[in-house]
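Student: One structure, pasted below without further comment.
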Amino acid sequence: MSDKYLKSLIKEVLILEKKKDKIPGAGIVVVKKFDDEWKVLGLTLDGEYDIPKGRMEEGEDTLSAAMRETVEESSISNLNFDWDLDAFSAGHVTIYLASTTQDPEIVENPETGKKEHDSAEWMEWDDMISGVYGYLKPAILWAREKVESSQ
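Count the sequence shown with numbering that gives the first Met the number 0 and you get residues 0 to 150, in order.
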């Protein structure tokens with residue numbers, strides 16, 4: 000294991016530990032099949048990639064919050080949990096994996112009237128991994144492994 004990789008891994012663990020004190024949230028790594036290739040939904044904000052996710056509302060469970068946030072942030076409501084309802088914990092955020100046949104659309108948040116992301120696109124796994132927020136990289140790797148091991 001290289002020193003660079005080890006330092007990066009330690010940094011990610013420290014970031015996850017710091018985020019444990021934050022308000023719980025949930026999200027979904029959304030994938031779509033194009034011919035024989037799976038692509039992952041990347042939401043962009045200020046040049047970085049994100050997934051549909053957000054804070055849980057009072058009385059909400061993680062799956063309901065993840066589904067609500069996915070609709071709010073990408074307009075995707077047709078979600079198929081082909082890989083069961085296993086979840087990945089990225090610090091304070093619980094991440095699920097689902098497929099869809101829909102295309103994303105960025106719309107204004109109904110509460111704030113503002114768009115939470117600049118754009119949405121279907122991406123190659125490696126591009127998503129290299130550009131996603133650091134604390135979400137392990138979740139993207141987890142989702143990729145689940146998708147690729149089922150092929």
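We put the CB at the ideal spot given by N, CA and C, even for glycine.
1. Which of the three DSSP states, helix, strand or coil, is assigned to S73?
2. Helix or strand or just coil, what does DSSP make of M55?
3. For the beta strand (DSSP E) that K32 lies in, which residues bound it at each end?
4. Just to confirm my understanding: we take I94, look at its own chain, exclude 5 residues before and 5 after, and list those with CB closer than 8 Å. What are they?
5. Along the chain, where does the alpha helix (DSSP H) that runs through G130 open and close?
6. For the alpha helix (DSSP H) holding V106, just list the boundary residues, first then last.
7. Measuring alpha carbon to alpha carbon, tell me which residue in W82, I22, K38, L42 is nearest T100.
8. I need the boundaries of the beta strand (DSSP E) containing I50, first residue and last residue.
Tutor: Taking the definition as stated:
1. In the structure shown, S73 sits in a helix (DSSP, three-state: H, G or I).
2. Residue state, collapsed to three classes: coil.
3. Where K32 is concerned, the enclosing beta strand (DSSP E) stretches over 24-33.
4. The residues are A25, G26, I27, V28, I50, K52, A65, A86, F87, S88, L135, A138, W141, A142.
5. Its alpha helix (DSSP H) spans residues 124-130.
6. Counting along the chain, V106 falls outside any alpha helix (DSSP H), and DSSP gives it neither H nor E.
7. It is K38.
8. That residue, I50, is in no beta strand (DSSP E); it is neither H nor E in DSSP.
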